[in-house]
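K.L.:
Okay, here's the structure, questions in a sec.
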Amino acid sequence: MSTPRDGLYHATRNFMARNYRDDVLWLNNNVSNKNKLTADLRDDIPPIPFTGDPWAKIIGDSTLFIGINPRFQDSTIPPNHKEFGPSISSINRFHAGEELGFEEYVSQRRGYFTNEMKYGKYYTFPGKMFSKHWYDVENPWINHVQSMEAVPWFSKTDEMDLDSLLDAYYSEEMFLAYRSVFEELVELIQPKFIQLNGKKTRIIFEEIYGIDEFQPMKTIAKGCHSGGLNVRGKIIPTVAHNFSGTRWGLNGEKEWDTMYDEWTGSS
5 MSTPRDGLYH ATRNFMARNY RDDVLWLNNN VSNKNKLTAD LRDDIPPIPF
55 TGDPWAKIIG DSTLFIGINP RFQDSTIPPN HKEFGPSISS INRFHAGEEL
105 GFEEYVSQRR GYFTNEMKYG KYYTFPGKMF SKHWYDVENP WINHVQSMEA
155 VPWFSKTDEM DLDSLLDAYY SEEMFLAYRS VFEELVELIQ PKFIQLNGKK
205 TRIIFEEIYG IDEFQPMKTI AKGCHSGGLN VRGKIIPTVA HNFSGTRWGL
255 NGEKEWDTMY DEWTGSS
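For the sequence shown, position 201 matches number 205 in our numbering, and the numbering has no gaps at all.
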């Protein structure tokens, strides 16, 4: 799978060239919740710049779906895991000077939804809602919905302090490099709208890119807000909600229906 040598390619290469173990060591020591010794991010799995194929998205008619950070899903040791094993091997080779390792890694991320790596618990229900409300296709993740994370390093729990994360987003090279990935991806796919999954996700992007303070919705709670993000001069309508699948999150078709109805003015 040949990848265009465009801005997103080069931003991704720059980010993935970093020593992610050193980055995670810094993060665990500096962005943990105040009552925790560590942020519990994993230093044995490379971060993910994006999930799915941004170069396959329909320009101007796609959705960018952003979560808080990728979860380590099971007890399989990373080198033996069907997703993490190949990514560890490819990035290790890239760091050793083998450019083909990076090419293979990008192909792995691009093929996530077509090569049986998809983490169904996270992607299946939102995909169903995207198909119901926006895209009349069986699998919207292929050409219509692009996935990213606010914090691209893996963890099993969320032990990150929001204020510390915001400080790091403004000042630390690892986040500045990752923000370039985000901004180049937006330039490439020109999303019709952005959906922020999780309170921390909303606050981070609202703080850095928001054109104004996001407004809470009137017909539904669950942390539902709407606003707009300014990414390199492009204003993108944005909807946000608490993390789906959690006790306080946006769960079930009725809640997603209500959020979308108010946001689009059809309630």
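Here a beta-carbon is modelled for each residue, glycine too, at the ideal position from N, C-alpha and C.
In this structure, how does DSSP classify proline 130 when only helix, strand and coil are distinguished?
P.N.:
Reduced to three states, the DSSP call for proline 130 is helix.
K.L.:
To test your reading of the DSSP string, which unbroken beta strand (DSSP E) runs of 3 or more residues are found completely within the region 194 to 249?
P.N.:
Here the runs fully enclosed are 197 to 201, 229 to 235 and 238 to 245.
K.L.:
Kindly indicate which three-state DSSP category serine 271 falls into: helix, strand or coil?
P.N.:
Confidence is the limiting factor: at serine 271 the pLDDT is only 46, short of 50, which leaves the residue's position unreliable and the question unanswerable from this model.
K.L.:
Just the Cα atoms here: how many angstroms apart are isoleucine 224 and threonine 262?
P.N.:
Whole-angstrom Cα-Cα distance: 7 Å.
K.L.:
Please say whether asparagine 234 and tyrosine 213 have beta carbons closer to each other than 7 Å?
P.N.:
Yes, Cβ-Cβ distance for tyrosine 213 and asparagine 234 is below 7 Å.
K.L.:
Which residue wins for smallest C-alpha separation from aspartate 47, given the options Ser36, Lys203, Met178 and Tyr24?
P.N.:
Among Ser36, Lys203, Met178 and Tyr24, the Cα nearest to that of aspartate 47 is on Tyr24.
K.L.:
Please classify threonine 16 as buried or exposed, where buried requires at least 16 neighbouring CB atoms within 10 angstroms.
P.N.:
Threonine 16 should be labelled buried.
K.L.:
If I measure Cβ to Cβ from methionine 178 and keep anything under 7 Å in the same chain, skipping five residues before and after, which residues do I get?
P.N.:
Excluding positions up to five away in sequence, the list reads Arg22 and Asp27.
K.L.:
What are the partner residues of glycine 71, as DSSP defines its beta bridges?
P.N.:
Looking at the DSSP assignment, glycine 71 forms a beta bridge with Glu153.
K.L.:
What is the DSSP secondary structure of leucine 170, reduced to helix, strand or coil?
P.N.:
Leucine 170 falls in the helix class under three-state DSSP.
K.L.:
Return the chain-ordered list of same chain residues with a C-beta closer than 6 Å to the C-beta of proline 58, the five sequence neighbours on each side being excluded.
P.N.:
Excluding positions up to five away in sequence, the list reads Gln150, Leu189, Leu192 and Ile193.
K.L.:
Quick one: what's got a C-beta closer than 6 Å to leucine 12's C-beta in the same chain, skipping five residues either side?
P.N.:
These residues qualify, in order along the chain: Glu188, Leu189 and Leu192.
K.L.:
Which whole-angstrom value describes the C-beta separation of lysine 203 and glycine 227, a residue pair presumed to lie in contact below a C-beta threshold of 8 Å?
P.N.:
About 5 Å; that satisfies the 8 Å criterion.
K.L.:
So which of Leu31, Glu257, Pro74 and Trp267 has the shortest CA-CA distance to phenylalanine 158?
P.N.:
For phenylalanine 158, the nearest C-alpha among the options comes from Pro74.
K.L.:
Which word fits alanine 100, buried or exposed, when buried means at least 16 other C-beta atoms lie within 10 angstroms of its C-beta?
P.N.:
Counting Cβ neighbours within 10 Å, alanine 100 comes out exposed, since fewer than 16 surround it.
K.L.:
Less than 7 Å between the beta carbons of asparagine 37 and aspartate 167, yes or no?
P.N.:
No, the pair does not count as a contact, with Cβ atoms beyond the cut-off.
K.L.:
Hey, how far is the Cα of proline 50 from the Cα of isoleucine 208?
P.N.:
Between proline 50 and isoleucine 208, the C-alpha separation is close to 22 Å.
K.L.:
Could you check how far apart the C-beta atoms of threonine 80 and phenylalanine 197 are, in whole angstroms? I think they sit under 8 Å.
P.N.:
About 35 Å; that fails the 8 Å criterion.
K.L.:
So, helix, strand or coil for threonine 55, using DSSP?
P.N.:
The answer is strand: DSSP assigns threonine 55 an E or B state.
K.L.:
Rank Lys125, Lys61, Ala60 and Lys160 by C-alpha distance to the C-alpha of asparagine 255 and give the top, closest one.
P.N.:
Taking only the C-alpha atoms, the option nearest asparagine 255 is Lys125.
K.L.:
If we ignore side chains and look at the alpha-carbon of each, how far apart do arginine 114 and isoleucine 92 end up?
P.N.:
Going from the Cα of arginine 114 to the Cα of isoleucine 92 covers about 16 Å.
K.L.:
What does a CB cutoff of less than 7 Å around leucine 200 pick up in its chain, not counting 5 residues either side in sequence?
P.N.:
Ile70, Arg206, Phe209, Thr242 and Ala244, listed in sequence order.
K.L.:
Using the beta-carbon count (16 or more within 10 Å), is methionine 5 buried or exposed?
P.N.:
The residue is exposed, with fewer than 16 neighbouring Cβ atoms inside 10 Å.
K.L.:
If I follow the unbroken alpha helix (DSSP H) through serine 79, where does it start and stop?
P.N.:
Serine 79 -> no alpha helix (DSSP H), and no H or E assigned at all.
K.L.:
Hey, how far is the Cα of tryptophan 30 from the Cα of phenylalanine 19?
P.N.:
Cα to Cα, tryptophan 30 sits roughly 16 Å from phenylalanine 19.
K.L.:
Per DSSP, serine 36 is paired with what?
P.N.:
Serine 36 pairs with Met164.
K.L.:
Decide if glycine 131 is buried, meaning its Cβ has at least 16 other Cβ atoms within 10 Å, or exposed.
P.N.:
It is buried - the Cβ of glycine 131 has at least 16 other Cβ atoms within 10 Å.
K.L.:
Grab me the residues of glycine 253's own chain with a C-beta within less than 6 Å of its C-beta, minus the 5 sequence neighbours each way, in chain order.
P.N.:
These residues qualify, in order along the chain: Asn246 and Phe247.
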